[in-house]
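One structure is given here, and the rest of the page talks about it.
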Amino acid sequence: MALTTTPDDLGYTPPSTKGLWSWITTIDHKRIGIMYAVSSLVFFLVGGLEALLIRTQLATANGTLVSADAYNQLFTMHGLTMVFAVIMPIAAAFQNYFIPLMIGARDVAFPRLNAFAFWLFLFSVVLLTSSFFLGGSPDGAWVGYAPLSTQIQEYVRMDYYSIGAQLLGFASLAGSINFVATIFTMRAPGMTLMRMPVFVWMSVVSSFLLIFSLPVIGVGLWQIFIDRNFGGLFYEAQASGDPLLWQHLFWIFGHPEVYVLILPAFGIVSEILPVFSRKPLFGYSFVVFSGIAIGFLGFGVWAHHMFTAGMGPVAEAGFGLATMLIAIPTGVKIFNWIGTMWGGRLTFPAPMLFTVGFIAMFLIGGISGVTHAVVPANTQQHDSYYVVAHFHYVLFGGAVFGYVAGAYYWFPKWTGRLMNETIGKWNFWIMFIGFNLTFAPQHILGLDGMPRRTYRYAEGMGWDVWNLMSTIGAFLIAVSFLFFIYNLIASYRHGKVAGNDPWDARTLEWTTTSPPPVYNFEEVPVVHHQDDFWYRKYGVDEDGRAVKLTPEQAGKPDVVVEEHGMHMPSPSYFPIIAATGVALLGAGLVFISSGPIGFAVIALGAVVALWGIVGWAAEPVTREMH
Amino acid sequence: MIRIALLVVALAAVLLASCSSDLPQSSLNPRSVEAESIDKLWDFIFWLGTAVFIVVGGALGYAVIRFRKRPGNEQEPKQIHGNTRLEIAWSIIPVVLLVIIAIPTLNTLFDLRSPAEGDFLRVEVIGHQWWWEFQYPDILDEDGRPLTTANEMHIPAGMTSELTMTSVDVIHSFWVPSLAGKRDVVPGRDTVMKITPDADIAGQMVPGQCAEYCGLSHADMRFRVFVDAEADFDVWAAEQLEASPIPTSGAAAAGYETFTQLCTTCHQAKVAAADGSVEVVGAALGPDLTHFGSRTSLAGAVEENTAEHLAQWIDDPESVKPMAPELNDVAEGRILGMPDYGLDERQIQDLVELLESWK
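Sequence order for the protein chains is A and B. Each residue of the first sequence is one higher than the one before, starting from 0 at the first, in numbering that gives the first Met the number 0. Each residue of the second sequence is one higher than the one before, starting from 0 at the first, in numbering that gives the first Met the number 0.
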């Protein structure tokens, strides 16, 4: 990393980036992003192992690898892990790292809150995963339907669920508020909303979805907790409590959550496609507004998860039609992506392969999604393997392919090195084949009557062949991820040096060094276009074709003259202390019915959290620079 | 492109071909008015969806192949930012398709959810962890008690049965894919579904199982629906209303001793003494055992009802299906499984003798 300016010129001395302490105290959005990414990958291995155990159990009829009890914990934890500890944090990783870079900011709006959100996320997942060793893991499915989730109070399993999800929600809320504040207040001059990269737009939408949906599930989770530990009767039918209330509260969060998982991936592919098509995104404003429309409609379709619950035909018809509506903006996105490729000059390095794979798989998941809106058909599909197939096409074929595409695309910016293309192609094709082999047969299984969340199935149901195929596919996916992880490690060490802009890309993050300096940009850019970086490099000839500008034509980019030097936040250890305190408090709450030990941990957690918060409040925001 | 389209059609054909008789629990193998109306709707949206996939996927595939960078082609593409007219068009096309889907959806939905009309049989379905109870409120014995059975529901072919369902513990879901879409069974609520089995399937057994995750043994909460010819149904119902005899001698009599000491903690039976007096013994927390021997399966339709399986079930219940009887609270009515009472071989055989004799 060659700096043309010395720290003295900047009026700022970057903090040390050596040693564990620098990671613990870091409030640099890029390093926090990297920590999110690494955590996500580690938990992906955990969730993947759970998936392999599940698939091995189901490879044949009457499988006996694990007990019913173990199986129920495994599939519950697989869901919780993949949603809360893998996909949400990998989205947060990209958002943390790239939102400030893409909008020309030096950091996020609340750097210490950002660090707090990460540490609380990490500790919450550790708490949730520790349940395997301390008292048993949640076994009530990731949806935690009452009154099953409140029924057995002898075990702390579902206390881990209610508290773990609560803490994770708290962490996400902090992260989301931070992103919204960053995007709305810290854009570089000239970066109007309608010039923002689509990834940033989708992050705004997903952050708002979280801000409005998490409080709802937060209330529900406390109700579960109170029912379990203090004799509450929210979900006790015999006391006129209503189990369906939980389903409404859960899905008012749970459905927007689906878009939280997928929208950032929509954003990523909307960044990658123009770069490798060498054309601007087709219909930028349509893509942006359809994303916003998905955000709004996403709050109006939750009860399509409840078409068998007995709501009555009028409500079912209403939610069925609303669900069909949401297919429109989603379809528009797919058409616009194809429109972007149309007439382009396409190249297919790994990021583009995964992006095209994403579109194809998401198309299938989208179409099977429409079949769910057909209420009578839904009553056959609901809670069957057909649904399992559908949401894996959306969340794996969609989201995971999208985030892997993002990893291949942005890895050079993180590390300064390119990922290996040959391994990348192997990675893609094995994953693509393995994924389809795993999940395509599950459509058929579901229609043939196999319910989900079952630890075994009988012989003679006609399910054996499809299940075996699915299991083989799952192991292929595992192999593809070995290629991915090997590629990450090997390329990090020996990959080809990337330079600032290896893909001839369009957005601001590629204007700075790879990896970027702690302050991101030596000089804050002034933005004149959507895809501003592209227009510094290319003009358009009379045919409308891109032509490379000569250095004289390009001139020097406009920058902001900062008279007072850079204002960068200083490292702080208070966020991790506050997060430790809150997580301890949660751990104590899990064991609140187990006597004094629970209360002792709660008290300890409260003291530590208070220390963190007070210290944080009293700490000066930035060291004096000059 | 054509190859991909053919592949999709071939896959689709495989999917539809799979609706054959070796798929007893398949929604693609409908055997009732209700399941057939859903299947018809499914076929329609399936082919429509396949067409959409071929068109959109085809456009994607075409773009990938046609606009691939070719050697020697260094010309930059035209920088097109969009085309509002085109984009409006492809926003409207899905609207049209969705309206086409919505109309039959709503028609079928309101048909399925309309109350049963004319002459129909009423059945009450009660979900328990992890078995099903069936009561027939219009089929009463001399004392006004409804016909009650477990895990095997009999309904007449060619006529509508209306199921009113509720649960005593957690949420379950009643699903017989070949006869109807599923409907949740919710504590504190009644849900209703209709089943009108085809007349020509009289004599067939149609399997189903719980479809809403309900804890430890959810996978083993299965049941069987027997679709009887109307006359056979009447015979069955009359038999089921009878009391079973209290045996007076032999192994079965010894078994009855054990039965009244242990089994009646949770199970109930209507029994007739030698003098003809009839009484109901036991508690209705577990399946009614009055006509246990007439059933084809046991333990929530997990095993066939044979003497060996029954002996194993009594001897070591959790080797047949996982349960949590250590959490039972009889006084509170919370039952999470059949306990292992540690009976000896003799006692077990006596009980088997008794229960299998109660046809």
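The beta carbon of each residue, even a glycine, is placed where N, CA and C say it ideally should be. In this text, all values refer to a predicted model and were calculated from it rather than measured experimentally.
When burial is assigned at 16 or more other CB atoms within 10 Å of the CB, is Lys17(A) buried or exposed? exposed
Please report the distance separating the alpha-carbon of Tyr35(A) from that of Val82(A). 14 angstroms
Use the C-beta contact count for Thr510(A): other C-beta atoms within 10 angstroms, 16 or more gives buried, fewer gives exposed. buried
Spatially closest choice to Leu208(A) from Leu192(A), Ile225(A) and Gly253(A), by CA coordinates: Gly253(A)
Amino acids of chain B, ordered along the chain, whose beta-carbon sits closer than 7 angstroms to that of Trp341(A): Ala62 and Phe66
Taking C-beta pairs closer than 7 angstroms, name the residues in chain B that Asn71(A) reaches, listed in chain order. Leu215
Tell me, please, which residues DSSP counts as bridged to Lys547(A). Tyr537(A)
Three-state secondary structure (DSSP) at Gln134(B)? strand
Measure from the alpha carbon of Ile655(A) to the alpha carbon of each residue in Phe74(A), Met418(A), Ser513(A) and Thr75(A), then state which is nearest. Given that chain A is displayed from residue 0 to residue 625, the structure contains no residue 655(A) and the question cannot be resolved.
Would you mind giving the Cβ-Cβ distance between Met101(A) and Phe178(A), rounded to the nearest angstrom? I have them listed as a contact below 8 angstroms. No, Met101(A) and Phe178(A) are not in contact; Cβ-Cβ is about 12 angstroms, not under 8 angstroms.
Straight-line CA distance for Glu623(A) to Pro14(A)? Note that Glu623(A) has pLDDT 47, beneath the 50 cutoff, so the model's placement of it is unreliable and the number below is only indicative. Answer to the nearest angstrom: the Cα atoms are 13 angstroms apart.
Can you list, in chain order, the residues of its chain whose CB lies under 6 angstroms from that of Leu288(B), leaving out five sequence neighbours each side? His266 and Ala268
Report the partner residues of Trp174(B) according to the DSSP bridge assignment. Gln208(B)
What residue does the alpha helix (DSSP H) around Asp158(A) start on, and which one ends it? Arg156 to Thr184
Please tell me whether Asn519(A) has its Cβ less than 9 angstroms away from any Cβ of chain B. no
Mapping DSSP to helix, strand and coil, what is Glu420(A)? helix
Check the DSSP bridge columns for Ser383(A) and list the partner residues they point to. Pro450(A)
With a threshold of 7 angstroms on Cβ separation, who are the neighbours of Ser38(A) within its own chain once the five nearest residues in sequence on each side are excluded? Pro88 and Leu121
Suppose you measure from the CA of Asp315(B) to the CA of Gln346(B); what does that come to, to the nearest Å? 13 angstroms
Val280(B) - DSSP class collapsed to helix/strand/coil: strand
Evaluate contact between the stretch 433-446 of chain A and the stretch 465-483 of chain A, counting only Cβ atoms and requiring at least three cross-stretch pairs below 8 angstroms. yes
Partners in chain A for Asn72(B), counting only beta-carbon separations shorter than 8 angstroms: Arg344
Whole-number beta carbon distance between Phe109(A) and Ala180(A), since they are thought to touch under 8 angstroms: 6 angstroms
In whole angstroms, what is the alpha-carbon distance linking Leu178(B) and Gln246(A)? 26 angstroms
Can you tell me whether Met220(B) is buried or exposed, with buried defined as 16 or more other CB within 10 angstroms of its CB? buried
Euclidean distance between Cα positions of Leu248(A) and Leu40(B): 31 angstroms
Would you please state the rounded distance, in angstroms, between the beta carbons of Tyr518(A) and Gly445(A)? I believe it to be under 8 angstroms. In fact, because the Cβ distance is near 52 angstroms, the residues do not count as touching under 8 angstroms.
Against chain A: residues of the stretch 84-96 of chain B by CB proximity under 7 angstroms: Glu86, Trp89, Ser90, Pro93 and Val94
What residues are listed by DSSP as bridge partners for Lys193(B)? Glu161(B)
Quick one: what's got a C-beta closer than 7 angstroms to Ala210(B)'s C-beta in the same chain, skipping five residues either side? Ser172, Trp174 and Lys181
Leu262(A): which of Leu232(A), Asp530(A) and Thr329(A) sits nearest, CA to CA? Thr329(A)
Could you spell out the range, first to last residue, of the alpha helix (DSSP H) harbouring Ile102(A)? Met87 to Ile102
Take the Cβ of Trp629(A) as the centre, count every other Cβ of all protein chains shown within 10 Å, and call the residue buried at 16 or more, exposed below. No statement about residue 629(A) is possible, as the shown extent of chain A runs from 0 to 625 and does not include it.
Given 8 angstroms as the limit, is there contact between the stretch 129-142 of chain B and the stretch 87-105 of chain B, that is, 3 or more CB pairs closer than that? no
Rounded Cβ spacing between Gly48(B) and Thr370(A) (contact assumed at less than 8 angstroms): 6 angstroms
What residues from chain A crowd round Pro23(B), counting only those whose CB sits closer than 7 angstroms? Met460
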